[in-house]
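Chemist: Please find one structure pasted underneath; my questions will follow.
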Amino acid sequence: MSVKNNKKILVTGATGQIGSELVPELRRIYGLDNIIVGVHKKKPVNDLLEGPSVYIDVVNKKTIETAVENFDIDTIYHLAAILSVAGENDPWLAWKINVEGTYNILEVAREKKISKIFCPSSIAVFGSETPRVNTPQNTVMQPRTIYGITKVTGELLCNYYFNKFNVDVRGLRYPGIISNKTLPGGGTTDYAVEIFYEAIQNKKYVCFLEPNTILPMMYMPDCIKSTIMLMNTDLSKLNYHSNYNVSAFSFSPENLYDEIKKFIPTFEIIYKPDYRQKIANSWPQTINDSDARNDWGWNPDFNLTKMVEDMIITLSKKINS
Ligand code: SER
76 MSVKNNKKIL VTGATGQIGS ELVPELRRIY GLDNIIVGVH KKKPVNDLLE
126 GPSVYIDVVN KKTIETAVEN FDIDTIYHLA AILSVAGEND PWLAWKINVE
176 GTYNILEVAR EKKISKIFCP SSIAVFGSET PRVNTPQNTV MQPRTIYGIT
226 KVTGELLCNY YFNKFNVDVR GLRYPGIISN KTLPGGGTTD YAVEIFYEAI
276 QNKKYVCFLE PNTILPMMYM PDCIKSTIML MNTDLSKLNY HSNYNVSAFS
326 FSPENLYDEI KKFIPTFEII YKPDYRQKIA NSWPQTINDS DARNDWGWNP
376 DFNLTKMVED MIITLSKKIN S
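For the sequence shown, the working numbering begins at 76 and goes up steadily by one.
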């Protein structure tokens with residue numbers, strides 16, 4: 076059922092992996108015309124074109140201000156970011172987009188009195204000194220990737236804006252997100268999406284991580300669900316703001332291969348670990364998300380088996396149509 080109101084929501088990075096699925100869901104809930112697609116380089120396609128869009132370059136504060144004024148924006152989902160692998164290839168760009176971009180969003184939110192901001196963080200905030208199993212909400216955060224460094228900075232900056240200026244900014248430490256609409260770009264967890272395309276199309280995948288590399292992951296429907304749940308929780312219930320641990324399931328390439336093989340018995344995998352292995356080795360294997368569960372009732376719908384079945388069915392239809 077669609078809830079009609081006049082609150083306008085801006086989504087930056089709307090054409091990316093998460094944005095391209097969050098936008099349709101927000102439009103379903105709040106109405107097509109109330110969700111504004113923030114467009115930068117990548118042109119929106121298909122269903123994203125159905126409603127309003129606006130040019131946003133997050134490092135150019137003026138473009139954010141103009142969009143907020145012209146559309147009378149009340150809430151921002153700030154998804155524009157450079158991920159871990161892309162960040163290692165261009166650390167300067169990662170700093171600019173992830174830190175300066177977030178700072179600009181927070182400043183516009185403060186100046187224009189935006190009522191709510193969503194600014195995601197990542198499991199990449201953790202590093203080799205962090206306990207890798209059942210990683211706690213509050214623990215050592217010494218990331219080695221520029222992506223992780225920008226995400227820790229972002230978390231701290233967001234919490235500062237909440238405490239100092241009462242900007243209601245919220246965020247989740249997303250694990251690797253698996254989806255079948257838009258490909259992720261430049262992440263270490265991207266293998267867990269690529270593998271499905273290769274399994275269905277070529278029955279063979281060359282994996283850039285070692286077979287036993289366990290990482291926390293989440294299926295897109297749970298990513299969207301957790302994001303909207305956090306944003307809709309009464310502020311008084313939140314003990315954290317920009318940095319909630321959130322989790323669904325964890326697996327290694329080998330675990331994933333075994334599950335996919337149940338559907339595609341001739342599927343083969345070859346392991347050729349590269350520089351991305353080092354990034355994966357510095358991240359947690361499993362996440363303790365009890366604060367998200369206690370504070371706002373987080374509970375994922377998909378486990379590994381359910382996710383794999385849904386991915387194979389959905390992607391096979393898409394690829395073969
Ligand atoms: N999926 C991200 C990456 O691999 C982690 O947040 O960079």
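Just so you know, even glycine gets a beta-carbon here, dropped at the ideal spot from N, CA and C.
On a predicted model such as this, the values are computed, not experimentally measured, just so you know.
Does the count of Cβ pairs from the region 136-153 and the region 310-329 closer than 8 Å reach three?
Modeler: Taking 8 Å as the limit for Cβ pairs, the verdict is that the region 310-329 does not touch the region 136-153.
Chemist: Closest by CA to TYR249, which one among LYS300, GLU285, TYR280?
Modeler: On the sequence shown, residue 249 is found 174 positions in, with the first residue counted as 1. Cα-wise, what sits closest to TYR249 is LYS300.
Chemist: Beta-carbon within less than 7 Å of MET76's beta-carbon, same chain only, minus the 5 sequence neighbours each way: which residues are those?
Modeler: Counted from its first residue, the sequence shown places residue 76 at position 1. The predicted position of MET76 is uncertain, since its pLDDT is 42 and thus under 50; a value taken from the coordinates is nonetheless stated next. Excluding sequence neighbours, MET76 sits near nothing in its chain.
Chemist: Quick one: is GLN92 buried, meaning 16 or more other Cβ sit within 10 Å of its Cβ, or exposed?
Modeler: As a first step, residue 92 is located in the sequence shown; it is residue number 17 there, counting from the start. Classification of GLN92: buried, given that the 10 Å Cβ count is 16 or more.
Chemist: Anyone know if the C-beta pair for ALA367 and TYR294 falls short of 7 Å?
Modeler: As a position in the sequence shown, residue 367 is number 292, starting the count at 1. As a position in the sequence shown, residue 294 is number 219, starting the count at 1. No.
Chemist: With 16 other CB atoms within 10 Å as the buried threshold, where does ILE224 fall?
Modeler: Your numbering for residue 224 matches position 149 in the sequence shown. Its Cβ being crowded by 16 or more others within 10 Å, ILE224 is buried.
Chemist: From this set, GLN212, PHE338, THR263, which residue's C-alpha is nearest ASN314's C-alpha?
Modeler: Here residue 314 corresponds to residue number 239 of the sequence shown, with the count starting at 1. Considering only alpha carbons, the answer is GLN212.
Chemist: Closest to PHE161 by C-alpha separation, out of TYR222, ILE131, LEU101, would be which residue?
Modeler: Looking up residue 161 in the sequence shown gives position 86. In the sequence under discussion, the amino acid at residue 161 is Ala, which differs from the Phe named in the question. Out of TYR222, ILE131, LEU101, TYR222 has the C-alpha closest to the C-alpha of ALA161.
Chemist: Flag GLY262 as yes when its Cβ comes closer than 6 Å to any non-hydrogen atom of the ligand SER, and as no otherwise.
Modeler: As a working note, residue 262 is residue 187 in the sequence shown. Yes, since a heavy atom of the ligand SER falls inside the 6 Å radius drawn around the Cβ of GLY262.
Chemist: Please classify LYS79 as buried or exposed, where buried requires at least 16 neighbouring CB atoms within 10 angstroms.
Modeler: Counted from its first residue, the sequence shown places residue 79 at position 4. For LYS79, the predicted model reports a pLDDT of 46, less than 50, meaning its position is unreliable; a value from the coordinates is still stated below. Exposed, because fewer than 16 other Cβ atoms sit within 10 Å of the Cβ of LYS79.
Chemist: Less than 7 Å separating the beta-carbons of PRO99 and ASP132?
Modeler: Here residue 99 refers to the residue found at position 24 of the sequence shown. Here residue 132 refers to the residue found at position 57 of the sequence shown. Result no, Cβ atoms of PRO99 and ASP132 do not sit closer than 7 Å.
Chemist: Leaving out the 5 sequence neighbours to the left and right, which residues in its chain are closer than 6 Å to LYS392 when beta-carbon positions are compared?
Modeler: Here the question's residue 392 lines up with position 317 in the sequence shown. The answer is none, since no qualifying residue turns up.
Chemist: What is the DSSP secondary structure of VAL78, reduced to helix, strand or coil?
Modeler: Start at 1 with the first residue of the sequence shown, and residue 78 comes out as number 3. At VAL78, the pLDDT of 49 sits below 50, so the modelled position is not reliable and the matter cannot be decided from this model.
Chemist: Can you list, in chain order, the residues of its chain with a C-beta nearer than 6 Å to that of SER196? Leave out the 5 residues immediately preceding and following it.
Modeler: The residue given as residue 196 occupies position 121 in the sequence shown. The answer, listed in chain order, is LYS226, GLU230, GLY246, ARG248, ASN318.
Chemist: Which word fits PRO259, buried or exposed, when buried means at least 16 other C-beta atoms lie within 10 angstroms of its C-beta?
Modeler: Counted from its first residue, the sequence shown places residue 259 at position 184. Buried is the call here.
Chemist: Would you kindly check if the distance between the Cβ of MET292 and the Cβ of TRP371 is under 7 Å?
Modeler: For this step, residue 371 is matched to residue 296 along the sequence shown. For this step, residue 292 is matched to residue 217 along the sequence shown. No. Outside cutoff.
Chemist: Return the bridge partner residues of ASN320 from the DSSP annotation.
Modeler: As a first step, residue 320 is located in the sequence shown; it is residue number 245 there, counting from the start. ARG248, per the DSSP bridge assignment.
Chemist: Near ASN374, which residues of its chain fall below 7 Å by C-beta distance, leaving aside the five closest residues on each side in sequence?
Modeler: For the purposes of this step, residue 374 is taken as the residue at position 299 of the sequence shown. Counting only Cβ-Cβ distances below 7 Å, and skipping sequence neighbours, we find ARG368.
Chemist: Considering only the beta carbon of each residue, do LEU158 and GLY261 sit closer than 7 Å?
Modeler: For the purposes of this step, residue 158 is identified with residue 83 of the sequence shown, where counting begins at 1. For the purposes of this step, residue 261 is identified with residue 186 of the sequence shown, where counting begins at 1. In contact: LEU158 and GLY261 (Cβ atoms closer than 7 Å).
Chemist: Relative to the ligand SER, is the shortest distance from any of its heavy atoms to the C-beta of GLY229 smaller than 6 Å?
Modeler: Numbered from 1 along the sequence shown, position 154 holds the residue referred to as residue 229. False, no ligand heavy atom lies under 6 Å from that Cβ.
Chemist: Report back the beta-carbon spacing between THR177 and LYS82 to the nearest angstrom; my notes put them in contact at under 8 Å.
Modeler: Taking the first residue of the sequence shown as 1, we reach residue 177 at position 102. Taking the first residue of the sequence shown as 1, we reach residue 82 at position 7. Incorrect: roughly 22 Å between the Cβ atoms, too far for contact.
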